[in-house]
Each structure stands twice: as structure tokens, then as C-alpha cells.
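Beneath this line is the structure, given in C-alpha cells, with notes to follow.
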Amino acid sequence: MAGETSRKRKREPSPARELAVKMATQTVPSDRAGPVLVNFPCLSAPESTPFKSYVKKQKTGEELLVAAETDAVEFESNEQETRRVAEAGIGYVIAIHNKRTSSLTVLPHTMTPHVLTRTVKALKSIPPAPAPSATEYFMAKTALGETFGTKKAKAAIRARERNVVDVGAMEGTIDFVMAGIDKAAEGLMTKEAAKELADKSRPIPPFDAETANVDEVYPLHGIIPEAEWKGLSVAAFYEAGTPGDRRQLLPLRNSSWVNTRVEAALTGAKTKDRKKTLKLLFYISCMMGFRKEMSRKPSREDLSTRLSVVPDTVIDSLVSRFTQTARDTTQPRTTPDLEVRLLSHMFALCLRVDGYAADHTTIAQDLAMPTDKVSAIFRNLGCQVIKLTERERTRLGLPDSVADERRAVLHAPVEFPKERVKKANR
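Going by my numbering, the sequence shown opens with residue 2, and the numbers climb by one from there.
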């Protein structure tokens with residue numbers, strides 16, 4: 002038998018045929034749903050469960066719904082989840098495989114799978130449990146922490162309980178508390194009054210915040226007292242023959258900013274403001290020299306000796322306004338705040354000379370100060386450190402080569418920088 006079995010002819014395998022894929026010439030009619038792919042929520046329906054499709058009309062079009070039910074469970078489309086699936090680009094196509102002809106016919110229509118949700122019929126009559134309130138949630142969380150929490154967590158719970166305010170105990174005192182708050186708030190300043198006080202307390206010269214004339218923002222005699230102004234003499238500048246001779250007349254001889262403008266005033270076209278400009282430049286040089294000498298902690302007599310070209314009335318005024326006397330001594334000493342006040346008065350005069358567009362970079366170099374610190378003082382005066390427009394350069398007679406340079410520009414009405422409010426650390 003074994004020999005006979007081995008002599009039997011074996012059936013040769015059928016030759017492999019290529020699968021022919023083609024598109025169906027007919028689509029699913031619009032009045033029919035066609036095959037539908039669904040996604041069951043954990044629990045699948047029996048194969049014999051009949052499903053029905055419904056059309057829900059909306060403003061944007063029609064939406065297909067699928068529903069079915071068994072003796073115990075109801076299934077229906079979850080519109081929100083099905084819409085999310087469609088927006089995610091998930092879809093499917095229906096294809097029919099014909100084994101006899103080895104062909105695959107694909108329906109030319111992409112469909113979206115339906116995500117189903119289930120409802121147990123026996124539970125429909127039971128109302129859903131209400132969501133826990135914030136108080137209930139907090140109490141449950143506290144109970145869990147006291148039972149299973151670490152020592153650190155339990156200590157935090159006890160500390161929080163100690164800090165809880167007993168509202169019921171405060172009911173009888175709330176009126177007294179509110180009355181005390183109202184009484185204490187009577188003396189508080191308004192926002193506008195606080196801003197006005199902050200502006201007045203700035204270490205800057207007296208100013209007019211309402212004027213629209215930039216010349217009147219910082220009045221001249223608010224910076225240089227009128228008696229000092231009248232006592233300033235610049236006749237020697239006209240008599241000096243060379244730039245070197247004119248530098249010898251200045252208290253601070255190495256200021257590029259001052260020297261350049263002195264030469265421009267004397268060599269340029271004669272104007273009615275020439276004398277005023279020279280007096281401003283001389284007073285600015287006095288302030289620069291005074292600042293330099295004060296860094297050496299001199300006596301009043303030393304100041305007169307080292308600033309021999311400065312009138313005594315000017316020195317006395319600078320000492321009284323921008324220095325203070327230390328305890329048990331009569332020697333004038335400066336402080337960082339007084340130095341900022343001196344620089345603010347000086348820069349206000351520089352704005353007048355430069356047509357209210359001061360070259361703050363050169364001034365910083367002359368004073369051996371960081372440009373950022375000089376810019377901050379100009380901003381405290383109400384200036385904006387910006388590039389000049391072509392119109393402004395033409396007004397000031399500046400060449401196009403300075404188009405990329407920034408200047409400290411003052412406009413009227415003056416606007417001071419707003420105070421930055423620091424956020425409280427919690």
C-alpha cells in the first residue's frame with residue numbers, strides 16, 4: 002500500500018495569477034447608504050444585530066447616523082467622535098474581490114468610519130450622579146492625603162487647615178472691618194496724584210508738563226539762576242585768536258562736545274543767539290569741571306583754585322545745589338543721587354544747545370560714562386533715544402552721514418517713562 006500510494010500522481014499547484022485592480026463604473030446612489038464601517042466601544046454587538054442608518058439634516062448639509070439595539074444594549078453614532086475622526090483624515094473605501102476572475106473592484110467613494118457609543122437599557126432610568134463640588138473634591142483629597150500621604154503632605158494639610166478663615170466668626174465684625182478700610186483709604190492719593198508726585202520727585206530741573214513749546218519744557222532760569230546768568234561773561238572768547246586759546250578759557254578743556262560747538266558758534270554765521278549759545282556752553286563746561294573736581298573730595302578753597310576761570314557765584318551755586326556737608330565737617334561732598342541731579346541739569350542745557358536732539362554718545366565719552374547710563378538720564382528727562390528723520394537732520398543742519406546715529410530727542414508736551422511695576426513673588 003505504501004508503494005502504491007507513492008506511485009500516485011500529485012496534483013500540480015495552480016499557477017499564481019496577478020490581481021487585477023479596477024475602479025467600479027457605478028457609485029453608491031445618493032439615496033442609499035451603502036456599506037458602513039463602524040467602531041464599537043469595547044463591547045461588540047452580536048452578528049445578527051440589525052443596524053439602520055438615518056440622515057440628520059443640518060445647515061451645512063446632511064449627516065449620516067447609524068443605530069442598532071439588542072435586548073440589553075443600544076448602539077448609536079457618536080457625532081462628536083465621528084467628526085473628529087473625519088477631521089483627522091481617517092477614511093476607508095469598499096472593494097469586492099472576485100476569486101474566479103482574480104479581480105478587485107474598488108468603489109470610487111471615500112467614507113468615514115462611524116464611532117459608536119453604547120447605552121445599557123437597564124441603566125437608562127437611573128439619573129447620572131452629579132459632579133462633585135469643589136468643596137467635596139477638596140474634602141476627599143484631604144482625606145486621601147491624611148490616610149496615604151507622606152509626612153510632608155500631612156504637615157502641609159495641617160498648616161492649610163490652621164490658615165483657614167472662619168467666615169461665620171467674622172459675620173459680626175465685617176462691618177467694622179469695612180468701616181476701618183474706608184477710613185484708612187481717605188488719605189490715599191489717586192493714581193493721577195501719585196503720578197504727579199512721582200514726576201515732581203524726579204532728580205531733574207523744574208519743568209512744565211503742559212506746554213507744547215519745547216523751549217519752555219525746562220525753563221532756562223530753572224537750571225541757571227538768573228543772577229548767575231547775568232554774571233556770565235564770554236567776551237574773552239571773541240578776543241581769543243585760536244582754538245587752543247579758547248580751550249584755555251574753559252574749566253574742562255578736553256570736552257570734544259563743548260569744543261566743537263564753541264568753534265561752530267564762533268566760526269559760523271553770526272546770529273543773535275551766538276552769545277547765548279556761548280554762555281550755555283561755558284556753564285556746561287563749568288558743570289563738567291565741577292563734577293570732575295568733586296570726585297577728588299576737595300575743600301571749598303581747592304575748588305576755587307582748580308576752577309579758577311569759574312566765577313565764585315557759580316561755584317557757590319553748584320556747591321549749594323549739588324553737594325551736601327558731611328557730619329562734623331564743612332567740606333562739600335557729593336552722593337550718587339546728587340550727581341544724577343547735576344547731570345540731569347547739565348543734559349537739559351545740552352538739549353538746548355543741540356536743538357533738543359543731543360549727541361549723547363559724544364557726551365558720554367567726554368564724561369567717561371557708559372552710554373547706557375547717559376541714555377537713561379536723558380530718558381528720565383522725557384527724551385527718546387532714536388534715529389533722526391531726514392526732516393530733523395535738515396532742521397539741525399546735520400549731514401546724511403549721521404543718519405544711522407541715535408540722538409536723545411525731546412518733544413513737547415513732555416512724556417516721562419512709566420514706572421515698572423514688579424510682580425509680587427508668590
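We treat Cβ as the ideally placed atom computed from N, Cα and C, and that holds for glycine.
According to DSSP, residues forming a beta bridge with residue i
i: N99; result: S104
i: R1; result: Residue numbering for the chain in the displayed model covers 2 to 427; residue 1 lies beyond these limits and cannot be assessed.
i: M112; result: Y93
i: R119; result: F76
i: M1; result: Since the first and last residues shown for the chain are 2 and 427, residue 1 lies out of range.
i: M24; result: V107
i: K57; result: E64
i: P333; result: T326
i: Y381; result: This sequence places Asn at residue 381; Tyr is not what is there. Beta-bridge pairing links N381 to no other residue.
i: N40; result: V116
i: A437; result: One cannot answer for residue 437 here, as it falls past the ends of the chain, which runs 2 to 427.
i: A358; result: V410
Cβ distance (whole Å) where residue i is taken to contact residue j below 8 Å
i: L339; j: T324; result: 6 Å
i: L38; j: F76; result: With 8 Å as the limit, L38 and F76 do not qualify as a contact, their Cβ atoms being about 14 Å apart.
i: S257; j: T363; result: 6 Å
i: A68; j: T50; result: About 11 Å; that fails the 8 Å criterion.
i: H361; j: I224; result: Not quite, the Cβ-Cβ distance comes to about 18 Å (not below 8 Å), so this is no contact.
i: R384; j: A409; result: The sequence given here has Cys at residue 384, not Arg. Contact flag correct, Cβ pair sits at about 4 Å.
i: S54; j: L65; result: 6 Å
i: L397; j: R353; result: Not really, about 13 Å apart at Cβ, beyond 8 Å.
i: F291; j: L308; result: 7 Å
i: I91; j: T113; result: 7 Å
i: L279; j: E294; result: So it is not a contact: roughly 22 Å between Cβ atoms.
Beta-carbon proximity check, residue i vs residue j, cutoff 8 Å
i: V310; j: P252; result: yes
i: P207; j: S318; result: no
i: V263; j: I285; result: no
i: T83; j: H115; result: yes
i: P414; j: E211; result: yes
i: Y219; j: A349; result: yes
i: S300; j: Q249; result: no
i: A266; j: R275; result: yes
i: A475; j: V121; result: What the structure shows of the chain is the stretch from 2 to 427, and residue 475 is not part of that stretch, so it cannot be assessed.
i: I158; j: G146; result: yes
i: L411; j: V215; result: yes
i: R342; j: P244; result: no
i: V386; j: S402; result: no
i: L20; j: S126; result: no
i: E229; j: T335; result: no
i: L368; j: M289; result: yes
i: L105; j: V22; result: yes
i: P42; j: R119; result: yes
Proximity test, Cβ basis, 8 Å: residue i and chain B
i: P371; result: Any reference to chain B falls outside this structure, which holds one protein chain only.
Note to self: Quick check for students: name the residue ranges of the alpha helix (DSSP H) that lie wholly in the stretch 225-296, counting only runs of 4 or more.
What the structure shows: 227-232, 236-240, 244-248, 257-268 and 275-295
Kindly provide the ranges of any alpha helix (DSSP H) runs that are 4 or more residues long and lie completely inside the stretch 124-155, ordered along the chain. 135-149
message = Check whether the stretch 127-143 and the stretch 95-106 are in contact - that is, three or more C-beta pairs closer than 8 Å.
response = no
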